[in-house]
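Every number in my numbering is 39 more than the matching position in the sequence shown, counting from 1.
Using N, Cα and C, we set each Cβ at its ideal position, and we do this for glycine too.
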Amino acid sequence: KPNQVLEIEENQMKEIGLSNQKIKYIKELSIFFSKEKIDFETLSNDEIYNKLIKIKGIGPWTIDMFLIFTLYRTDILPVGDLGIKKGFKILYNLKKLPSDDYMYRKAKKWVPYRSVACIYLWRLVDGDTVF
40 KPNQVLEIEE
50 NQMKEIGLSN
60 QKIKYIKELS
70 IFFSKEKIDF
80 ETLSNDEIYN
90 KLIKIKGIGP
100 WTIDMFLIFT
110 LYRTDILPVG
120 DLGIKKGFKI
130 LYNLKKLPSD
140 DYMYRKAKKW
150 VPYRSVACIY
160 LWRLVDGDTV
170 F
């Protein structure tokens with residue numbers, strides 16, 4: 040619970056290896072969720088993104104991973120993920136990493152299962168170590 044996280048001493052967080060910046064972000068996140076009650080299941084991906092992006096320390100990549108791995112949303116394309124970019128490079132025999140626009144264009148045919156395609160792209164890059 041957010042309030043319990045806020046009660047944890049910073050030195051305890053440092054003892055488990057968290058940096059000052061990570062501690063600050065965790066505290067910001069806890070403050071946000073102690074004030075906001077969000078039913079993520081009822082919100083669209085865009086609505087979730089617009090709420091979470093306001094939190095310091097939370098960016099597009101974090102939100103994409105939250106949508107894929109916590110909320111199990113099936114149509115997320117994390118174009119900011121290096122593994123996904125490398126997967127596109129391998130899949131389409133590109134000489135360099137693709138642009139976001141290129142990835143969105145190519146992934147149109149994967150809608151509404153772009154998250155599932157991403158699992159395969161990560162495996163393409165990392166082999167059996169992904170899952």
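Asked                                                                                        : Found
Glu-49 versus Pro-151 - alpha carbon distance                                                : 42 Å
Extent of the continuous alpha helix (DSSP H) to which Asp-140 belongs                       : 139 to 146
Nearest-angstrom Cα separation, counted from Ser-69 out to Gly-126                           : 34 Å
Boundaries (first-last residue) of the alpha helix (DSSP H) holding Arg-162                  : 153 to 165
Within 8 Å, strictly: CB atoms of Trp-100 and Asp-78                                         : no
Buried or exposed by the 16-neighbour rule on C-beta atoms within 10 Å, applied to Leu-160   : buried
Simplified DSSP state of Asp-120, which is helix, strand or coil                             : coil
Ile-115 burial status per 10 Å Cβ neighbour count (16 or more: buried)                       : buried
Contact belief for Val-164 with Gly-122 at Cβ below 8 Å, rounded distance in angstroms       : 5 Å
Lys-148 vs Pro-137 beta-carbon contact at 8 Å                                                : no
Lys-145 versus Met-104 - alpha carbon distance                                               : 20 Å
Selection from Gln-51, Leu-57 and Ser-83 that minimises the alpha carbon distance to Arg-112 : Ser-83
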